[in-house]
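Numbering-wise, the UniProt record's numbering puts 254 at position 254 of the sequence shown, and it's gapless, one number per residue.
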Amino acid sequence: MSPKSKRKREYYRIGPSGTKQKSVENGISGIFFTCDSSEHKAVREAYNLLEQILEELGYSESCEVNASESSNSSKRMVNTDASKECGSTDSENCEGDKEIDIADSIKRFCDARKNLTTLEQKQRRSVIQRPSGASHCLFFKLKGISGPKVHKVADKLVEMATESPCCRALQRVFPIEITCPVNIKNVREEVFKIINNYLLDADKEQSPPSFAVEFKARNNDLLRRTDVLDVVTEAFRSLSPNSRVNLTKPEVTVLVQVVRKTVMLSCIRHFMERKRMSLHPARNSDPVECSDIKENVIDEKLIPEETEKSVPSLPEKSLDDNR
Numbered sequence: 001m002s003p004k005s006k007r008k009r010e011y012y013r014i015g016p017s018g019t020k021q022k023s024v025e026n027g028i029s030g031i032f033f034t035c036d037s038s039e040h041k042a043v044r045e046a047y048n049l050l051e052q053i054l055e056e057l058g059y060s061e062s063c064e065v066n067a068s069e070s071s072n073s074s075k076r077m078v079n080t081d082a083s084k085e086c087g088s089t090d091s092e093n094c095e096g097d098k099e100i101d102i103a104d105s106i107k108r109f110c111d112a113r114k115n116l117t118t119l120e121q122k123q124r125r126s127v128i129q130r131p132s133g134a135s136h137c138l139f140f141k142l143k144g145i146s147g148p149k150v151h152k153v154a155d156k157l158v159e160m161a162t163e164s165p166c167c168r169a170l171q172r173v174f175p176i177e178i179t180c181p182v183n184i185k186n187v188r189e190e191v192f193k194i195i196n197n198y199l200l201d202a203d204k205e206q207s208p209p210s211f212a213v214e215f216k217a218r219n220n221d222l223l224r225r226t227d228v229l230d231v232v233t234e235a236f237r238s239l240s241p242n243s244r245v246n247l248t249k250p251e252v253t254v255l256v257q258v259v260r261k262t263v264m265l266s267c268i269r270h271f272m273e274r275k276r277m278s279l280h281p282a283r284n285s286d287p288v289e290c291s292d293i294k295e296n297v298i299d300e301k302l303i304p305e306e307t308e309k310s311v312p313s314l315p316e317k318s319l320d321d322n323r
């Protein structure tokens with residue numbers, strides 16, 4: 001046999017049809033976090049803080065009502081399946097078939113109950129993490145919350161962080177109004193929509209709002225910064241011609257975060273004033289007064305000048321000692 005035929009055949013396992021999701025899906029809204037190297041701790045912090053804020057704002061009640069309705073329907077399905085199994089086992093036992101074991105039916109019923117409990121927990125959970133596809137980036141979808149409600153959650157979280165330090169691994173938080181694919185046409189459509197919605201809410205103000213752009217790309221280089229700036233300026237020129245650019249303290253900041261295969265868009269008010277939505281309060285570094293420095297300085301005149309070390313003189317020997 002030839003050496004080629006003697007080679008060991010390589011068998012490749014055929015995986016399932018559904019592959020693992022590696023990026024956030026399009027057309028949803030949620031909360032986007034940046035964190036440090038400890039992502040596991042950051043996920044725990046995000047779950048705890050978001051659930052606490054949803055309870056305070058009263059958004060978790062609607063999610064629990066929807067989950068209870070779906071869980072009741074699933075319970076009915078499990079009970080009907082169990083009754084069918086029990087009826088079939090009773091009829092077969094009456095016929096005298098001893099081969100069927102009742103333990104199998106009990107095991108099936110227990111497995112069904114376990115699956116039901118996991119489904120109930122998933123349905124009651126109002127905060128769901130979605131894979132972002134980039135390190136140090138976390139995205140959470142909030143059930144039944146979109147648009148301005150997402151901004152309320154992020155604003156509440158920033159207020160909590162500024163009042164008292166409550167985050168260790170989490171660094172910044174961004175409310176995301178909508179996600180779309182990495183395509184300049186889709187980005188233009190969504191940018192026009194979110195800016196139009198913001199201007200409709202801000203019509204009561206006298207002066208047109210000043211704006212700026214916050215752009216960041218991670219694991220993707222298909223969308224350029226210049227293209228995004230052109231799209232945002234085009235939208236403001238057509239929707240609000242009197243608006244001007246202000247890079248120091250803009251009234252509204254158009255957030256564009258490109259993460260792998262998705263673009264996250266939002267309009268955030270007073271973005272720079274809130275330190276770019278940072279979750280860590282600034283350290284108060286008070287300047288040191290000159291009087292304090294003078295008190296610590298030692299007067300050089302009080303220090304005696306160094307003198308030459310005097311050589312110790314030997315005691316004089318008397319003549320009587322020599323004798």
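Quick reminder that beta carbons are idealized off the backbone N, C-alpha and C, glycines included.
Checklist entry - Which partner residues of R130 appear in the DSSP bridge assignment? => result As a position in the sequence shown, residue 130 is number 130, starting the count at 1. F139.
Next on the checklist: Distance check for D111 and A161, CA to CA, integer angstroms please.
Outcome noted: Position 161 of the sequence shown, counted from the first residue, corresponds to residue 161. Position 111 of the sequence shown, counted from the first residue, corresponds to residue 111. Between the alpha carbons of A161 and D111 lies a distance of about 43 Å.
Item to check | Where the beta strand (DSSP E) containing P209 begins and where it ends | outcome: Start at 1 with the first residue of the sequence shown, and residue 209 comes out as number 209. First-last for P209: undefined, no H or E at that position.
Checklist entry - Three-state secondary structure (DSSP) at I102? => result Numbered from 1 along the sequence shown, position 102 holds the residue referred to as residue 102. I102 falls in the helix class under three-state DSSP.
Checklist entry - So L239 and N196 are in contact, right, with Cβ under 8 Å, and what is the actual spacing, rounded? => result One-based indexing of the sequence shown puts residue 239 at position 239. One-based indexing of the sequence shown puts residue 196 at position 196. With 8 Å as the limit, L239 and N196 qualify as a contact, their Cβ atoms being about 6 Å apart.
Item to check | N-terminal and C-terminal residue of the beta strand (DSSP E) that R44 is part of | outcome: Translated into positions along the sequence shown, residue 44 becomes position 44. Careful: R44 lies outside any beta strand (DSSP E), inside the alpha helix (DSSP H) at 39–57.
Checklist entry - So which of S164, E163, L142, H151 has the shortest CA-CA distance to F271? => result Taking the first residue of the sequence shown as 1, we reach residue 271 at position 271. Among S164, E163, L142, H151, the Cα nearest to that of F271 belongs to H151.
Checklist entry - What does a CB cutoff of less than 7 Å around A202 pick up in its chain, not counting 5 residues either side in sequence? => result Start at 1 with the first residue of the sequence shown, and residue 202 comes out as number 202. If we look at A202 and ignore the five residues flanking it on each side, its Cβ neighbours are P209.
Next on the checklist: If contacts are defined as beta-carbon pairs under 8 Å, then S243 and F211 qualify, I think. What distance do you get, rounded to the angstrom?
Outcome noted: The sequence position of residue 243 within the sequence shown is 243, counting from 1. The sequence position of residue 211 within the sequence shown is 211, counting from 1. That belief holds up - the Cβ atoms of S243 and F211 are roughly 6 Å apart, short of 8 Å.
Item to check | Span separating the alpha-carbon of K249 from that of E273 | outcome: Start at 1 with the first residue of the sequence shown, and residue 249 comes out as number 249. Start at 1 with the first residue of the sequence shown, and residue 273 comes out as number 273. Distance between the alpha carbons of K249 and E273 is about 7 Å.
Item to check | Boundaries of the alpha helix (DSSP H) in which P175 is found, first to last residue | outcome: Looking up residue 175 in the sequence shown gives position 175. Taken as a continuous stretch (DSSP letters only), P175 belongs to no alpha helix (DSSP H), being part of the beta strand (DSSP E) at 170–176.
Next on the checklist: Within 10 Å of its beta-carbon, does K20 have 16 or more other beta-carbons around it, so buried, or fewer, so exposed?
Outcome noted: Position 20 of the sequence shown, counting from 1, holds the residue named residue 20. The residue is exposed, with fewer than 16 neighbouring Cβ atoms inside 10 Å.
Checklist entry - What residue from R225, T179, E55 has the CA that sits closest to I31's CA? => result The residue labelled residue 31 in the question sits at position 31 within the sequence shown. Closest by alpha carbon: T179.
Checklist entry - Are S23 and P131 touching if we call contact CB-CB under 8 Å? => result Here residue 23 refers to the residue found at position 23 when the sequence shown is read from its first residue. Here residue 131 refers to the residue found at position 131 when the sequence shown is read from its first residue. Yes.
Next on the checklist: Would you call the stretch 38–55 in contact with the stretch 180–191, where contact means no fewer than 3 C-beta pairs closer than 8 Å?
Outcome noted: no
Checklist entry - In chain order, which beta strand (DSSP E) runs of at least 3 residues are fully inside the stretch 144–168? => result Listed in chain order, nothing qualifies, since the stretch 144–168 has no complete beta strand (DSSP E) run of 3 or more residues.
Checklist entry - DSSP three-state call for S266: helix, strand or coil? => result Taking the sequence shown and counting its residues from 1, one reaches residue 266 at position 266. Of the three classes helix, strand and coil, the one that applies to S266 here is strand, per DSSP.
Checklist entry - What three-state label does DSSP hand L255 in the structure shown? => result Counting from 1 along the sequence shown, the entry for residue 255 is found at position 255. In this structure, L255 counts as strand in the three-state DSSP scheme.
Next on the checklist: Pop quiz: A46 and L138 are said to be a contact at Cβ under 8 Å. What is the actual Cβ separation, rounded to whole angstroms?
Outcome noted: Position 46 of the sequence shown, counted from the first residue, corresponds to residue 46. Position 138 of the sequence shown, counted from the first residue, corresponds to residue 138. Between L138 and A46 the Cβ distance is about 6 Å, and since that is below 8 Å, they are a contact.
Item to check | Same chain only: Cβ atoms within 6 Å of V228, ignoring 5 sequence neighbours per side | outcome: The residue given as residue 228 occupies position 228 in the sequence shown. Correct list, in chain order: F215, V256.
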